[in-house]
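In what follows, a structure is listed as C-alpha cells, so that the remarks can point back to it.
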Amino acid sequence: MAAALLEIGIALVALALAGLAANRLSLSVIPAYIVVGILVGPNPPTELFGVSLRLVAYGEFVQLAAELGIVALLFFLGLEFSVGQLLADRRRIAAAGGVDFLLNFGVGVAIGVAFGRTPLETVLLAGIVYISSSAIVTKSLIERGWIANPEAEPVLGTLVFEDLLIAVYLALVAAVVSGAGGLTGAAVDVARAFAFLGGLAVVAWYATDWVERAFDLASDELFLLHVLGVTTLIAGAALALGISEAVAAFFVGTAFSQTSHVERIEHVVAPVRDLFAAFFFFAIGLQTDVTLLPAVGSLLAVAVVVTTASKLVSGTVAGRLYDLTPMRSLRTGLALVPRGEFSLIIAALVVASVGTGSDALADFAPVVTAFAVGYVLVMSVLGTVLIQSADTVTDRLAPLITR
Amino acid sequence: MTIYEAEVPGVGHKFEMELDGGERLVVIIHHDGKRDVYRRPDPDADSEQLFSLSSKQARQLGSILEGAYFQPVALDDVKVPLGDAIIEWYAVDDSSAVVGDTLAESGIREGTGVSVIAIQRGEETIPNPDPDERIAAGDTLVALGTRAEQQTVEETLEG
C-alpha cells in the first residue's frame, strides 16, 4: 500500500508541477500532462543523471482513473451540448460543421490511404486528425477575448457539430474495434451499440423532469455522489456490453443539460473531472514510447502540415458562411487548429481494444498511440501559439481572401 | 435596445447589449460566477475587456447601476448632530392666528416645545430671531424640535 500511495503522490506532484509550468508558458495543460507522464513513466527516458525516472507504472489505479477521466470528459461534453442552440442555428452550424468534417476527415482519409493503412486504421487516423479540442479552443477564445467577438459564433457552432459527430463516430468505431470482426459481426455490433445508445438518448431526452426532481439534493456531497454514481454505473454497464462507455456518458450528460442542475454540476463535479482528466492525459504519457516516434515521423510531419492547413481553410470557409470579414474568418480557422482530448480518446479506444476482440489492430495500437501523442503534442502547442500570434498570421493571409 | 443571449459550452452564458451607434457591451458569465465585461466600439472592431468581477462584486455593481444600491449602516453608528431633533419649515399664511404676534406672544415655544431658529421673509433670512420679532403673513418659520413636538406646530399656527 505504501508503495502505491507514494506512486500516486509522485504522479499528482508531477501533474501539479507540469500544470504550473504550462500556465507560466501560457500553454494548454494537456501537452504538459502528457510530457510529464512520458518523463516519469516506464518508457524512455528512464533515467536522468543516474536517477531512475521509472517512478510511476501504468498500474491499475492510473488505468481506472484515466477511464473515469474519459467518462467525465464525455459526460461534460453531453452536459454542455445544447440541442436548443444546435436547432436554433441549424443551417449555419450544419454548413460550417459539414465543411469542417468533409475537409478534415477527408484529408485524414487521404493521408491514411497514402501511407498504405488498412481501411479501419485509416478511419481511426482520420478521426484523430479531424476533431478539434473543445477544451483548448474554448480556453484560447477566452484568453484572447475572441469569445466576445463575432468569430466566436462559427467556432462554437463548429464545436457543437463536432461534439455530435464524435459521439456517433465513437459509438461506431468502439463497436467495430471491440467486436469479433468480419463484416456481418461488425454490422451486428454496430446495430447493438446504436440500439443501446439510441435508447439511452431517448431516455435522456424524456427523463429531464425526473432528473430535475431526483437530483434536487440539499447537500453538495450527496449531489456529487449521485451524479458520479449514475454516470459511472451507466458507462460501466455500456462497457460491459461492449459499447462505448464514453458515448454512454455523453448521453447521461445530455439528460442533465436541460435541467437547472447544470450550474451546480459545473461547480461541484467539474473539479472531479479535472482530476481524472489529468490522470487520463498522464496515463497517455505513461503508455507512450517515444522511441516509436521516429517510425511515425513522416506520417506525423505530413499530418501536422496538411491538417493545420485544412483546419485553417475549413474554419475560414465557416467564417465566410457566417458573413465574417476575412480577418475574422481566418481567426475562426486558427482557433480550431488545436487538437487534444478527443484525438487521444480515439487512440485510447484502439489501445483498449487490443486483446478483447479481433487482433486486427494489435500491430497498429503502439503506432497509433505514438502518432496520436506526437500529433496532439504538436497541434496543441502549435494551435495555441498560432492563436497567440494570430495578428501576424491574419495580416499576411487576409489579403488572399477575396469576394 | 436589443439584448442577445447565447450559451457558451464549457464557459457559461454570453449577453450582448446594443448601445448607441453599433457599440456593444458584451458580458460573459462564467459557470463559477465570474463576470467578464467587454466593450466592442463598432461591429468591425475587436472587443476589449473592460473589467472582470467576482459574482458578489458583480451583484453589488449591478444594484449601483440600477440605482437601488444603499449601504445598510448599523443604528449605533448613526450620529445625528441634533440628537433627536429635526428641522422643519412652516409657511405662515394670511389666515394664521399668529400673524402680527411677536414670537414670544405667539406662544409657539411654550405651546409646542420647538424653537424658531430662523425666519425666512421674501429674499431675507432672519437668523436666530429675537423673541419680540413680529411674524408677518408669508413668512416661513424654520423650527427645531423633536418629531413629536413638530407635529403640534401646525395646529398652533392655525390657531
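From first to last, the protein sequence lines are chains L and X.
Here our numbering is used: position 361 in the first sequence is 354, and no number is missing along the way.
Here our numbering is used: position 68 in the second sequence is 519, and no number is missing along the way.
A virtual CB, placed ideally from N, CA and C, is assigned to each residue, including glycine.
| Check | Outcome |
| --- | --- |
| Select from Leu375(L), Ser382(L), Ala365(L) the residue whose C-alpha is nearest the C-alpha of Ile27(L). | Ala365(L) |
| What residues from chain L crowd round Tyr455(X), counting only those whose CB sits closer than 9 Å? | Under the 9 Å cutoff, chain L gives no residues; its nearest Cβ is about 10 Å from Tyr455(X). |
| Thinking C-alpha only, which one of Ala128(L), Leu5(L), Ala81(L), Leu79(L) is nearest Val462(X)? | Ala128(L) |
| My parser needs the alpha helix (DSSP H) runs of 4 or more residues fully inside the region 298 to 386 of chain L; what are they? | 319 to 328, 334 to 346, 357 to 381 |
| Measure the beta-carbon distance from Val371(L) to Val297(L) and round it to whole angstroms, keeping in mind my assumption that it falls under 8 Å. | 5 Å |
| Since Asn142(L) meets chain X, which of its residues come closer than 8 Å, beta carbon to beta carbon? | Arg491, Asp497, Ser498 |
| Once the 5 residues before and after Asp528(X) are set aside, which same chain residues still bring their CB inside 6 Å of it? | Here the model assigns Asp528(X) a pLDDT of 49, short of 50, so the residue's position is not dependable, and the following value carries that caveat. Correct list: empty, nothing qualifies. |
| Below 8 Å, can you find three or more Cβ-Cβ pairs linking the region 49 to 59 of chain L to the region 465 to 477 of chain X? | no |
| Could you tell me if the beta carbon of Gly551(X) falls within a distance shorter than 6 Å of some heavy atom in the ligand GDP? | For the ligand GDP, the structure offers nothing, since it holds no ligand at all. |
| So, are the CB atoms of Thr591(X) and Ala542(X) less than 7 Å apart? | yes |
| Straight-line CA distance for Ile559(X) to Ile577(X)? | 17 Å |
| Taking any Cβ of chain X, which residues in the region 114 to 136 of chain L have a Cβ under 9 Å from it, in chain order? | Ser127, Ala128, Thr131, Lys132, Leu134, Ile135 |
| Cα separation between Pro331(L) and Tyr455(X)? | 28 Å |
| Enumerate in chain order the residues of its own chain whose CB-to-CB distance from Val320(L) is below 6 Å, with the five nearest sequence positions on each side excluded. | Position check: residue 320(L) holds Met in this sequence, whereas Val was assumed. Contacts found: Thr387, Ala391. |
| Rounded C-beta distance between Val240(L) and Ile31(L)? I'm assuming under 8 Å. | No, Val240(L) and Ile31(L) are not in contact; Cβ-Cβ is about 28 Å, not under 8 Å. |
| Is it right to say Ala248(L) is buried, meaning 16 or more other beta carbons lie within 10 angstroms of its own, or is it exposed? | buried |
| Lys530(X) to Ala594(X), Cα distance in whole Å? | Note that Lys530(X) scores 49 on pLDDT, short of 50, meaning its location in the model is unreliable; the coordinates nonetheless yield the value given after this. So the two alpha carbons sit approximately 20 Å from each other. |
| Tell me the rounded alpha-carbon separation between Asp483(X) and Val106(L). | 46 Å |
| Since Glu73(L) contacts Ser346(L) with CB under 8 Å, what's their CB separation in whole angstroms? | The Cβ separation is near 28 Å, so there is no contact. |
| Look at Thr325(L) and Glu144(L) and say whether their C-beta atoms are less than 7 Å apart. | yes |
| Looking at Leu286(L): is its Cβ nearer than 7 Å to the Cβ of Gly192(L)? | no |
| For Ile380(L) and Leu327(L), what's the separation of their Cα atoms in angstroms? | 6 Å |
| Quick check: what's the CA-CA separation for Ala7(L) versus Phe269(L)? | 14 Å |
| List the residues of chain C whose Cβ lies closer than 8 Å to the Cβ of Leu152(L), in chain order. | Any reference to chain C falls outside this structure, whose protein chains are L and X. |
| Here's a check: name, in chain order, each residue in its chain whose Cβ is nearer than 7 Å to the Cβ of Pro359(L), leaving out the five neighbours to either side. | Asp282, Leu285 |
| Thinking C-alpha only, which one of Arg490(X), Met468(X), Glu469(X) is nearest Gly138(L)? | Arg490(X) |
| Using Cβ-Cβ distances below 9 Å, what residues of the region 328 to 344 of chain L are close to chain X? | none |
| Rounded to the nearest angstrom, how far is the Cβ of Gly290(L) from that of Ser126(L), given a contact under 8 Å? | Not a contact, Cβ separation roughly 23 Å. |
| Are the C-beta atoms of Ser253(L) and some chain X residue less than 7 Å apart? | no |
| Kindly identify the DSSP beta-bridge partner or partners of Lys409(L). | Outside the modelled stretch of chain L, which goes from -6 to 396, sits residue 409(L), for which no answer is possible. |
| Based on Cα-Cα distance, which residue from Arg85(L), Gly278(L), Val195(L), Ala65(L) lies nearest to Leu217(L)? | Ala65(L) |
| Against chain X, which members of the region 298 to 326 of chain L pass a CB distance test of less than 8 Å? | Thr318 |
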